[in-house]
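Everything on this sheet refers to the single structure shown next.
Residue numbers (this note's numbering): 34 to 357.
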């Protein structure tokens with residue numbers, strides 16, 4: 034039984050890596066990342082609502098009257114994380130973007146434990162945490178520095194006579210701004226988990242906690258989208274183009290629901306540390322597979338030695354931080 038639970042944790046982590054390219058297809062269809070994020074979050078909220086009704090836990094929403102207002106803010110992290118994935122995955126690759134998310138997650142987790150933030154019991158940070166942090170930072174550095182993207186043959190057509198041919202692999206567009214965005218987007222995930230854990234102390238039911246979180250997220254991104262649309266900073270969604278989107282473009286909402294509800298279910302079974310360590314590992318392994326094989330219409334990036342070392346450091350560092 035324990036082997037099944039551990040395997041589920043790895044698969045749930047892989048959902049985070051699949052979520053971003055699926056959302057990217059949704060973005061291409063509707064023509065705006067903010068509209069796509071809003072649509073995905075409303076789909077997720079709807080699925081969780083149906084699940085809450087089916088399991089008879091929907092009534093737990095009546096307990097929200099006893100909840101401090103800041104307990105409801107965990108959902109604010111989801112729009113930032115989803116939109117960041119839509120923006121970063123096609124520009125710097127699944128493995129680099131996932132590595133930045135993991136680095137942000139690890140650093141934020143250390144801060145939460147070390148300072149006892151958001152109701153989390155303060156813990157003394159040991160040598161494993163220090164070594165793990167260094168390994169994570171070294172890992173993402175190796176991945177970013179070794180990043181290469183395959184250039185289609187058509188790129189080299191029509192170049193001037195005598196000009197050097199385009200290299201088979203060109204550096205990816207990693208900029209300081211994108212690095213910072215990836216770190217922040219990853220950092221908000223453990224903060225979201227901590228806030229949602231406080232919400233669960235009152236609401237009790239994990240499915241309803243996830244439902245509240247996604248409702249807050251969906252309302253937030255809808256308001257942001259409405260403001261940007263009114264000011265002309267994002268286009269009108271082209272909903273009539275959804276029919277031409279690949280079927281797996283709808284998987285973003287399903288992945289979000291699977292990750293949130295799965296993590297809630299696994300935590301009491303195998304513990305928080307093991308759950309986080311295995312989901313992070315699953316996320317990185319799936320990201321490497323997506324990049325190397327060019328899955329989900331993502332640019333194909335070779336699995337170089339530098340990226341392999343970086344991936345090993347990320348996984349090892351994550352395990353050290355969470356388990357020691």
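Quick reminder that beta carbons are idealized off the backbone N, C-alpha and C, glycines included.
The closest CA to that of residue 316, considering only 232, 129, 327 and 159, is found on 129.
Under the DSSP assignment, residue 52 falls in the alpha helix (DSSP H) whose first and last residues are 35-63. Taking the Cα positions, residue 68 is about 9 angstroms away from residue 271. Comparing C-alpha distances from residue 165 to each of 157, 155, 175 and 143 shows the shortest one belongs to 143. Counting only unbroken stretches of 3 or more residues, no beta strand (DSSP E) element lies wholly within the segment 260-297. C-alpha of residue 151 to C-alpha of residue 276: approximately 43 angstroms in a straight line. Residue 122 is classed as buried because its beta carbon has at least 16 other beta carbons within 10 Å across all chains shown.
Contact between the segment 234-252 and the segment 99-115 is established, with three or more Cβ pairs separated by less than 8 angstroms. For the 9 angstroms CB-CB criterion, residue 320 and residue 70 do not form a contact. Membership of residue 91 in any alpha helix (DSSP H) is not indicated, and neither H nor E is assigned to it by DSSP. For residue 336, the three-state secondary structure derived from DSSP is coil. Counting other Cβ atoms within 10 Å of its Cβ, residue 36 stays below 16 and is therefore classed as exposed. Within its own chain, the residues whose Cβ lies closer than 7 angstroms to the Cβ of residue 292, once the five positions on either side in sequence are excluded, are 45, 48 and 49, listed in chain order. Contact check for residue 346 against residue 220 fails: the beta carbons are separated by 9 angstroms or more. The shortest C-alpha to C-alpha distance from residue 339 to any of 224, 131 and 175 is the one to 175.
By a beta-carbon distance limit of 8 angstroms, residue 51 contacts residue 284. Their separation comes to about 6 angstroms. In this chain, the alpha helix (DSSP H) harbouring residue 231 covers 209-236.
Annotation for residue 131: 50, 316, 317 and 320 place their beta carbon closer than 7 angstroms to its own, counting only its chain and skipping 5 residues before and after. Secondary structure note for residue 133: its alpha helix (DSSP H) is the uninterrupted segment 127-148. One thing to note: residue 282 has its Cβ within 9 angstroms of the Cβ of residue 55.
DSSP, read as helix, strand or coil, puts residue 331 in coil.
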